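Engineer:
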Amino acid sequence: MPDALIRRGLQYRSGEEVPDVEVPCFWVESKAHRRTNVREALRQAVETCPAGRWPLAVCKDDGQPPLVAMPLDDFLELVREWWEARPR
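Written out as structure tokens, the structure reads:
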């Protein structure tokens, strides 16, 4: 997605859900703490993710590299789409 418009989402108080980071095709929940709760971050992403997007949790523990998590079924769908679209 080199050409994609990626920007930080806004946390509205109107109750309307927006992702932490706006990315085409993904719904991103991002967390950075001393020790993040990856499952909770992914649960939040899954619960707020609209149809047509893949939920992702991007978590960064202090002093550690970031980690990305997504539901296995969504990951397999993403890999299937990539596999079918790859040049042969």
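Following my numbering, the numbering of the sequence shown begins with 14 at its first residue and continues without gaps. Backbone N, C-alpha and C define an ideal beta-carbon position, used for all residues, glycine too. The model shown is predicted, which means the values in this text are computed figures rather than measured ones.
1) If you scan the segment 26-94 from start to end, which runs of the beta strand (DSSP E) of 3 or more residues do you find wholly inside it?
2) Any idea if Leu85 is buried or exposed, counting beta-carbon neighbours within 10 angstroms, 16 or more meaning buried?
3) Can you give me the C-alpha to C-alpha distance between Val71 and Arg93, rounded to a whole angstrom?
4) Note down, in chain order, each residue of its chain lying with its Cβ closer than 8 Å to the Cβ of Trp40, except the 5 sequence neighbours on either side.
5) Quick one: what's got a C-beta closer than 6 Å to Ser27's C-beta in the same chain, skipping five residues either side?
Structural biologist: The structure says:
1) 34-36, 39-46, 67-74 and 80-82
2) Per the 10 Å Cβ criterion, exposed.
3) 22 Å
4) Pro32, Ala58, Thr61, Cys62, Pro63, Arg66, Trp67, Pro68 and Leu69
5) Model confidence at Ser27 stands at a pLDDT of 49, short of 50, so the residue's coordinates are unreliable; what they give is reported in the following sentence. Correct list: empty, nothing qualifies.
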